[in-house]
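Chemist: Quick note: the sequence shown uses my numbering, first residue 1412, plus one each step. Ideal placement from N, C-alpha and C gives every residue a C-beta, glycine not left out. All values reported here derive from a predicted model rather than from experimental measurement. This is the structure I want to talk about, given as structure tokens.
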Amino acid sequence: MKYVDPRWSRTRPATTRRGFVLLDALVAVVIFSIGIVGLVALQGAAMQMTGAAGYRIDAAMLTDQLIAQMWANGDPSQLLTDYVGSGGKGDTKYMTWLSSIDCTSTLHVTGCLPGVPANPPSIQVSQQAITNSSNAQYQVTITINWQAPGESNPHSYVSITDIGY
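So, in structure tokens, the structure goes:
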């Protein structure tokens, strides 16, 4: 019978491959964990952007609401005396609107924005010349500002509208 050296036998166990499956599984778990952390960060960023979009929608709605009140007023010449204001000071309807959009005020009914007292809105009205017409037309520029909780910089929304009859 022929002698076979066990060192050269093909049936011997592979001692150099011990732990390879365990290492492969650990690497897979690490890659999976990094993916999960990335998804959580992406979800957090999406929630923050959704909140910012909500504030922009509220600002547009509150501005459009004021423009509708100006149109319903009936007399566009009163825009110069009733609605002009900035820096938290202004005419009667400006002050009423300012208190209605301030979240710290008890007078807000339809919606409000955070940070309005620190960043008050402004309303500017200027009369526009219309050729071949006796009607008056006014350009109204409304700038509404807000500052979301936890943010250091204020945001603004500007609406420019022509009102006239």
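Would you mind working out which of I1442, A1463, L1509 and S1545 sits nearest N1564, comparing C-alpha positions?
Modeler: Position 153 of the sequence shown holds residue 1564. Nearest option by C-alpha distance: A1463.
Chemist: For the candidate residues I1555, E1562, P1560 and A1559, whose alpha-carbon lies nearest to that of Y1568?
Modeler: In the sequence shown, counting from the first residue as 1, residue 1568 sits at position 157. Taking only the C-alpha atoms, the option nearest Y1568 is I1555.
Chemist: Cβ of L1524 within 7 Å of Cβ of W1557?
Modeler: One-based indexing of the sequence shown puts residue 1524 at position 113. One-based indexing of the sequence shown puts residue 1557 at position 146. Yes, they are a contact pair.
Chemist: Residue range of the beta strand (DSSP E) that Y1549 falls in?
Modeler: On the sequence shown, position 138 is the one that residue 1549 refers to. Start and end: Q1548 to W1557.
Chemist: Ordered along the chain, which non-local residues of its own chain (more than five positions away) have a Cβ less than 8 Å from that of M1514?
Modeler: Position 103 of the sequence shown, counted from the first residue, corresponds to residue 1514. The sequence given here places Cys at residue 1514; Met does not occur at that position. Answer for C1514: C1523, L1524, P1525 and V1527, listed in chain order.
Chemist: Let me check understanding here. Comparing Cα to Cα, which of N1530, P1532, P1531 and Q1550 lies closest to Q1538?
Modeler: Numbered from its first residue, the sequence shown carries residue 1538 at position 127. Of N1530, P1532, P1531 and Q1550, the residue nearest in Cα terms is Q1550.
Chemist: For D1502, which three-state DSSP category applies?
Modeler: The residue labelled residue 1502 in the question sits at position 91 within the sequence shown. Correct three-state label for D1502: coil.
Chemist: Cβ atoms of G1501 and G1531: under 7 Å apart, would you say?
Modeler: Along the sequence shown, read from residue 1 onward, the residue named residue 1531 stands at position 120. Along the sequence shown, read from residue 1 onward, the residue named residue 1501 stands at position 90. Checking the sequence shown, residue 1531 turns out to be Pro, not Gly. In this structure, G1501 does not lie closer than 7 Å to P1531 by Cβ.
Chemist: CB T1474 to CB I1571, shorter than 7 Å?
Modeler: Here residue 1474 refers to the residue found at position 63 of the sequence shown. Here residue 1571 refers to the residue found at position 160 of the sequence shown. No, the Cβ-Cβ distance between T1474 and I1571 is not below 7 Å.
Chemist: DSSP on G1462, reduced to helix/strand/coil?
Modeler: Stepping through the sequence shown from its first residue, residue 1462 is reached at position 51. The answer is helix: DSSP assigns G1462 an H, G or I state.
Chemist: Pop quiz: I1534 and Y1505 are said to be a contact at Cβ under 8 Å. What is the actual Cβ separation, rounded to whole angstroms?
Modeler: For the purposes of this step, residue 1534 is taken as residue 123 along the sequence shown, with counting starting at 1. For the purposes of this step, residue 1505 is taken as residue 94 along the sequence shown, with counting starting at 1. I1534 to Y1505, Cβ: 6 Å. Contact.
Chemist: Which word fits M1560, buried or exposed, when buried means at least 16 other C-beta atoms lie within 10 angstroms of its C-beta?
Modeler: Counted from its first residue, the sequence shown places residue 1560 at position 149. It should be noted that the sequence gives Pro, not Met, for residue 1560. With fewer than 16 other Cβ atoms within 10 Å, it is exposed.
Chemist: For Q1489 and T1461, I'd like the C-alpha separation in whole angstroms.
Modeler: The residue you call residue 1489 lines up with position 78 of the sequence shown. The residue you call residue 1461 lines up with position 50 of the sequence shown. Going from the Cα of Q1489 to the Cα of T1461 covers about 38 Å.
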